[in-house]
Amino acid sequence: MTEEDFKNGQVLLIDKPLNWTSFQVVNKLRWEIKQRFKIKNIKVGHAGTLDPLATGLLIICTGKQTKEIDTYQGQIKEYTGTITLGGTTPSYDLETEINETFSIDHISEKLLKETTKQFIGEIQQKPPIFSAIKKDGKRLYELARKGETTEIKARTVTVSEFDITNIDLPKVDFKVVCSKGTYIRSLAFDFGNALNSGAHLSALRRTKIGDFSVDKSLSVDGFIDGLKSGN
Numbered sequence: 001m002t003e004e005d006f007k008n009g010q011v012l013l014i015d016k017p018l019n020w021t022s023f024q025v026v027n028k029l030r031w032e033i034k035q036r037f038k039i040k041n042i043k044v045g046h047a048g049t050l051d052p053l054a055t056g057l058l059i060i061c062t063g064k065q066t067k068e069i070d071t072y073q074g075q076i077k078e079y080t081g082t083i084t085l086g087g088t089t090p091s092y093d094l095e096t097e098i099n100e101t102f103s104i105d106h107i108s109e110k111l112l113k114e115t116t117k118q119f120i121g122e123i124q125q126k127p128p129i130f131s132a133i134k135k136d137g138k139r140l141y142e143l144a145r146k147g148e149t150t151e152i153k154a155r156t157v158t159v160s161e162f163d164i165t166n167i168d169l170p171k172v173d174f175k176v177v178c179s180k181g182t183y184i185r186s187l188a189f190d191f192g193n194a195l196n197s198g199a200h201l202s203a204l205r206r207t208k209i210g211d212f213s214v215d216k217s218l219s220v221d222g223f224i225d226g227l228k229s230g231n
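Residue numbers (this note's numbering): 1 to 231.
So, in structure tokens, the structure goes:
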């Protein structure tokens, strides 16, 4: 692709690596495009944040295509991942240490699959305190890391599919299809509460956004290699 291609607008499908923030991916791609074409600046943005501990599909828009970011953000998302039962963490995932443990002796395949039904359709969900949502101009995770507590309002989200795909207790694999704004970490935490066992999210991968699939994506290194080779 040429400099004009990127300025006129491209939709790039990137498989976000583990431990990278979504902004790090955007900044890396922007820097590589600028270096490749010796330009001072170009608009680059992503259509929907993935947590650092998640991998998978990140839609990156360049140039004039950044005007369509809201459209992509509003599309249905699909995720796969693993919920670990028997323990909760303040961040609802592995960013923080387990702070409370619970018995899982009562957990059965039937109970797991019956409990998923509570989370199908429109549900009320509170975002994690460790999230990028802003309150009074500050990100919630900034307050959480300082030990500050804040009241978070529940929001309505839609979960159209919540399937258990494998059980190897305490780990439970799943697939979820959901609306914009759904926090899978919160879903894992609430699922644990509903099971009376506690739970946290231990792996997450975004596999689809609308009609876009991670199967058609490039790694960050793959994109850079293609950029340098002129493909």
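Glycine included, C-beta positions come from ideal geometry on N, C-alpha and C.
The structure displayed is predicted, hence computed values, not measured ones.
Per-residue DSSP class, three states only, for residue i
i    : result
Y72  : helix
L58  : strand
Q124 : strand
E100 : strand
K117 : helix
T182 : coil
G63  : helix
K153 : coil
D93  : coil
D173 : strand
N193 : helix
D237 : A query on residue 237 cannot be resolved here, the shown segment of the chain reaching from 1 to 231 and no further.
D105 : coil
Residue i, enclosing beta strand (DSSP E) - first and last residue
i    : result
S234 : One cannot answer for residue 234 here, as it falls past the ends of the chain, which runs 1 to 231.
E78  : K77 to L85
V44  : V44 to H46
K16  : V11 to K16
Cβ-Cβ separation, residue j to residue i (assumed contact under 8 Å), whole Å
i    : j    : result
V157 : I123 : 6 Å
K64  : I42  : Actually they do not touch by this definition, with Cβ atoms about 11 Å apart.
E97  : L53  : That pair is no contact at about 14 Å.
R206 : P128 : That belief does not hold up - the Cβ atoms of R206 and P128 are roughly 17 Å apart, past 8 Å.
K81  : L204 : A small fix is needed here, since residue 81 is Gly in this sequence, not Lys. Between L204 and G81 the Cβ distance is about 4 Å, and since that is below 8 Å, they are a contact.
Endpoints, the alpha helix (DSSP H) within which residue i is located
i    : result
K228 : V220 to S229
L29  : S22 to F37
N8   : E3 to N8
Residue i to residue j span [Cα, whole Å]
i    : j    : result
L50  : S22  : 6 Å
I60  : K67  : 12 Å
V44  : D173 : 34 Å
K171 : I33  : 41 Å
I39  : P17  : 26 Å
M1   : L227 : 7 Å
G56  : F102 : 31 Å
I76  : G181 : 10 Å
T62  : V25  : 13 Å
L12  : H106 : 46 Å
F212 : F223 : 17 Å
F37  : E3   : 6 Å
W31  : T165 : 39 Å
Proximity test, residue i beta-carbon vs the ligand GDP heavy atom, cut-off 7 Å
i   : result
K38 : Here there are no bound small molecules, and the ligand GDP is not part of this structure.
Are three or more beta carbon pairs between the segment 77-89 and the segment 198-213 nearer than 8 Å?
yes
Counting pairs of beta carbons, one from the segment 158-170 and one from the segment 206-221, are three or more of them closer than 8 Å?
no
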